[in-house]
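Structure first, commentary second.
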Amino acid sequence: MADPLLDIRNLKIEATVYPPGEKPQDITIVHGVSVSVEKGKVLGLIGESGAGKSTIGLSAMAYGRGGVRITGGEVMVNGRDILKIGAGGLRKLRGHEVTYVAQSAAASFNPAKKLMEQVIETTLRHGLASRDEAEKRAVMLFGKLGLPNPETFGDRYPHQVSGGQLQRAMTAMALCPKPDLVIFDEPTTALDVTTQIDVLAAIKEAIQDTGVAALYITHDLAVVAQVADHIMVLRHGKKVEYGDTRQIIEAPRQDYTRALVSVRSIEHEEKQPTADPVLRVENVTARYRGTAFDVLKNISVELHPGQTLAVVGESGSGKSTLARAITGLLPPSRGRITFAGRELSAEQTARSRDDLRELQMIYQMADTAMNPRHTVGTIIGRPLEFYFGLKGEEKRKRVQELLDEIEMGKGFLDRYPAELSGGQKQRVCIARSLAAKPKMIICDEVTSALDPLVADGILKLLLDLQKIENVAYLFITHDLATVRAIADSIAVMYRGEVVRYGPKSDVLAPPFDAYTDLLLSSVPEMKLGWLEEVIAGRRMESAGN
Amino acid sequence: MKLTLAATIGICLTAAFVLSAIFAPWIAPYPLDAAVGGVWEQPSAQYWLGTDTIGRDILSRLIYGGRITIFVALAASVLAFSLGSFFGFLAAVRGGMVDSILSRIVDLMMAIPSLIVALVVLSVLPLNLTVLILVMGVLDSTRVFRLSRAVAMDIAVMDYVEAAKLRGEGQAWVIFREILPNALSPLVAEFGLRFIFAVLFISTLSFLGLGVQPPLADWGGMVKENKDGLIYGRSAALMPAAAIAALAISVNLVADWVLSRTTSLKGGRGG
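See below:
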């Protein structure tokens with residue numbers, strides 16, 4: 001067997017943390033992990049946030065982000081230990097032998113420079129090619145990555161192309177200097193599913209054509225299964241399991257891997273509507289102040305008590321705007337909203353206290369949805385005090401009951417949000433909305449900022465609470481797996497319109513309209529060869545047309 | 001957050017100034033306005049910092065003067081912060097017309113140099129401590145308004161403020177319970193700086209004769225009384241000047257420390 005291209009041996013990485021009011025402490029982020037990648041192969045690194053996957057990925061360039069230090073082990077690239085080659089050696093290595101594709105292309109490009117300038121910059125800087133050659137190669141890569149008009153694409157500025165195109169442009173940037181190894185750090189996580197599949201296919205094809213080796217970092221096992229030859233599962237900075245992709249997907253050995261593979265397999269029986277709808281949205285049209293463009297066009301949906309209506313769509317489809325229209329933060333220009341048999345006034349400030357109480361909302365980012373200077377007790381207790389006038393011991397008791405309901409138990413009352421994990425924060429937000437005894441809760445992407453296993457826990461909790469409290473959910477999401485798990489009825493939104501609406505079984509059954517079909521077929525499935533199947537299927541279709 | 005050396009020095013000096021101001025009658029070796037020695041005596045064992053233009057003990061006058069200076073500056077700063085931050089938060093939360101009107105009023109006030117406004121206003125109004133504090137406080141509140149409006153703007157768009165509005169909370173809760181606790185750190189740091197500016201401002205006014213009036217003593221006034229001594233090589237005028245500088249620097253050290261604590265809090269969030 002040939003020597004591996006990248007061979008990380010027994011890597012140890014530490015960082016210094018500064019807990020408030022205490023002395024700085026050194027903590028170990030990566031505990032002696034060994035990783036190796038052969039020429040032309042793709043290794044997937046997978047794990048939840050904090051697993052150390054990005055940190056390990058960046059160590060392949062001997063780089064530590066945010067004060068992180070590599071304190072032990074060896075990182076061999078092309079047979080030499082790059083931890084010992086000094087700053088000058090690293091400068092030659094980075095952007096030449098090893099390149100990097102970041103998660104957020106939008107934040108990584110310089111908005112003031114044209115794309116071509118940035119794509120060929122490293123190639124020129126390393127003196128690997130003349131400007132003409134580099135531009136030619138970039139155009140070739142643009143074409144290979146399926147970018148429109150590859151000849152002129154480089155003349156545009158970053159804000160003139162879409163997010164998916166920008167991500168592909170960054171991949172071209174990484175491939176331009178003909179590297180031996182590319183590190184992909186969550187390259188498709190920030191994209192819509194319909195865009196993700198194109199970028200994924202482009203990346204995969206580019207990897208195969210150029211014969212480059214790659215480290216592919218992601219938290220989504222279904223995604224990595226499409227591109228990787230081998231997969232390493234990481235948790236808490238330690239290796240959990242390593243194997244080839246087929247073995248990891250089809251016969252995982254560790255419990256943790258099994259949990260990752262079977263994630264989002266919540267079974268949810270669709271419920272039939274029993275009573276009059278709690279929410280009725282009729283022909284609602286809305287636009288933002290000072291614009292002449294309707295972000296919501298003639299929306300009509302209904303939600304029955306104790307049921308879940310999932311509103312699905314990609315970013316910009318108007319699904320969050322629908323929530324703002326219902327809550328009254330963006331008064332609709334036309335249409336009516338009826339809630340619990342009463343017509344809601346369009347302006348939030350004109351609504352009665354009961355209207356406000358019975359219509360609650362949970363946000364995507366639990367971090368910003370809770371005042372960082374309030375304790376959990378204050379956060380959950382305030383609606384009790386505000387709506388029901390509970391005080392003192394009575395309030396404390398009720399808060400504790402709510403904490404029990406969200407499975408958090410004792411000892412959280414006096415904690416601040418910063419002292420909670422991501423999943424716990426979202427649970428506290430759920431408890432805060434439950435405290436108001438609502439008839440309906442709007443859940444705006446409540447699980448999309450969470451790791452898959454944690455998100456699963458939140459979804460289960462929401463379903464359990466729905467049974468107990470008979471509360472209705474308007475569930476906004478872009479994730480169809482979540483929809484399958486939780487919805488009773490579904491509204492698919494596209495460019496401000498509801499393109500498909502009905503009970504879950506109808507919406508998810510053929511025949512599909514074009515957009516729903518695209519959306520459904522773009523959701524990564526946990527099986528090998530899924531990507532090829534879908535892409536081949538789409539090519540057949542377009543050839544047939 | 002650890003106390004740095006600079007912060008420790010700042011806190012000690014500031015505390016010394018404040019304590020000597022509070023306990024002035026017990027600490028000062030001589031009464032405020034008794035002529036106890038010769039004119040412009042040099043520092044000696046009897047008069048530690050010498051005597052002034054009519055033979056009063058400078059150390060005693062410094063201690064009593066510190067009382068007035070610190071009290072007036074503190075009262076003016078507190079007034080400036082109460083006014084400025086309340087209206088600043090209100091402008092940020094309400095937005096629209098309320099914000100426009102308040103901001104234009106403040107712009108108008110800031111367009112004229114505050115020293116000139118103060119001189120004009122004080123030459124018309126009766127000269128006493130209350131008027132002085134009111135004038136200084138109102139003038140300074142424009143600066144605080146702009147800072148607190150900017151800070152509150154960032155906070156007002158957070159989801160938790162929206163959540164409070166959706167709950168139906170009133171303006172008072174949003175301002176005092178949601179925004180104020182999160183805006184406190186930068187405001188506290190700013191308070192330190194504003195307090196120093198107030199000290200300098202009252203000293204300037206007194207030096208120009210429109211501030212604290214005799215027989216009360218304050219540091220700026222003392223510089224004025226003794227400035228002629230400089231011509232004869234007497235150090236009397238330098239003593240109150242040094243006191244102003246020392247207070248300014250020590251409060252600044254504390255303010256810097258609070259400010260660095262604020263930034264480390266911001267960086268530490270989510271980590």
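First to last, the protein sequences are chains A and B.
Each residue of the first sequence is one higher than the last, beginning at 1 in full-length UniProt numbering.
Each residue of the second sequence is one higher than the last, beginning at 1 in full-length UniProt numbering.
Positions of the beta carbon are idealized from the N, C-alpha and C atoms, including for glycine.
Bridge-paired residues (DSSP) for residue i
i, result
"Q160 of chain A", "None, per the DSSP bridge assignment."
"F201 of chain B", "DSSP output for F201 of chain B lists no bridge partner at all."
"Y494 of chain A", "A:E497"
"T502 of chain A", "Looking at the sequence shown, residue 502 of chain A is not Thr but Gly. Its beta-bridge partners are A:I490."
"K12 of chain A", "A:H31 and A:G72"
"K239 of chain A", "A:L234"
"Q25 of chain A", "A:V17"
Chain-ordered neighbours of residue i on chain A, where CB pairs are closer than 7 Å
i, result
"M158 of chain B", "T368"
Straight-line Cα distance separating residue j from residue i
i, j, result
"residue 273 of chain B", "R69 of chain A", "The shown model of chain B, from 1 to 271, leaves out residue 273 of chain B, and the question about it has no answer."
"S20 of chain B", "A431 of chain A", "53 Å"
"V161 of chain A", "R334 of chain A", "33 Å"
"V151 of chain B", "D132 of chain A", "50 Å"
"L465 of chain A", "V471 of chain A", "8 Å"
"E269 of chain A", "I362 of chain A", "24 Å"
"I406 of chain A", "V428 of chain A", "8 Å"
"V35 of chain A", "L6 of chain A", "8 Å"
"I54 of chain B", "V72 of chain B", "26 Å"
"S505 of chain A", "Q103 of chain A", "35 Å"
"D99 of chain B", "P383 of chain A", "29 Å"
"residue 572 of chain A", "L309 of chain A", "The structure shown does not extend to residue 572 of chain A, since chain A is modelled only from 1 through 545, so no value can be given for it."
"L208 of chain B", "N226 of chain B", "13 Å"
"Y515 of chain A", "L200 of chain A", "19 Å"
"F17 of chain B", "L247 of chain B", "7 Å"
"G268 of chain B", "R415 of chain A", "Note that G268 of chain B has pLDDT 37, beneath the 50 cutoff, so the model's placement of it is unreliable and the number below is only indicative. Approximately 17 Å between the Cα atoms of the pair."
"Q42 of chain B", "I63 of chain B", "18 Å"
"G73 of chain A", "A15 of chain A", "16 Å"
"M1 of chain A", "L90 of chain A", "Because M1 of chain A carries a pLDDT of 47, less than 50, the predicted location of this residue cannot be relied on, and the following value inherits that uncertainty. So the two alpha carbons sit approximately 27 Å from each other."
Within-7 Å CB hit, residue i to chain A
i, result
"E41 of chain B", "no"
"L187 of chain B", "no"
"E225 of chain B", "no"
"A92 of chain B", "no"
"A163 of chain B", "yes"
"N128 of chain B", "no"
"N252 of chain B", "no"
"E178 of chain B", "yes"
"K266 of chain B", "Only weak support is given to the placement of K266 of chain B: the predicted model assigns it a pLDDT of 43, under 50, and the question is left unresolved by the model."
Cross-chain neighbours of residue i in chain B, by beta carbon under 9 Å
i, result
"Q226 of chain A", "Per Cβ cutoff of 9 Å: no residues; Q226 of chain A is ~31 Å from chain B at best."
"F412 of chain A", "Residues of chain B passing the Cβ test: none, with the nearest at roughly 18 Å."
"P383 of chain A", "R167"
Cutoff 7 Å: residue i Cβ touching any chain B Cβ
i, result
"R91 of chain A", "no"
"R415 of chain A", "no"
"Y363 of chain A", "yes"
"T291 of chain A", "no"
"T327 of chain A", "yes"
"L303 of chain A", "no"
"L450 of chain A", "no"
"I13 of chain A", "no"
Within chain B, the residues that residue i reaches when beta carbons sit closer than 8 Å
i, result
"R353 of chain A", "G168"
"F386 of chain A", "R167, G168 and E169"
"Q348 of chain A", "K165 and L166"
Proximity of residue i and residue j at Cβ, strictly below 7 Å
i, j, result
"V138 of chain B", "F195 of chain B", "no"
"T285 of chain A", "D294 of chain A", "yes"
"R94 of chain A", "M116 of chain A", "no"
"V30 of chain A", "T71 of chain A", "no"
"I217 of chain A", "D244 of chain A", "no"
"G44 of chain A", "V224 of chain A", "yes"
"I486 of chain A", "A323 of chain A", "no"
"F412 of chain A", "L402 of chain A", "no"
"V278 of chain A", "I299 of chain A", "no"
Neighbour list for residue i in chain A, Cβ cutoff strictly below 9 Å
i, result
"P181 of chain B", "N371, P372, R373 and H374"
Listed by chain order, chain B residues near residue i by CB distance under 7 Å
i, result
"L356 of chain A", "L166, R167 and G168"
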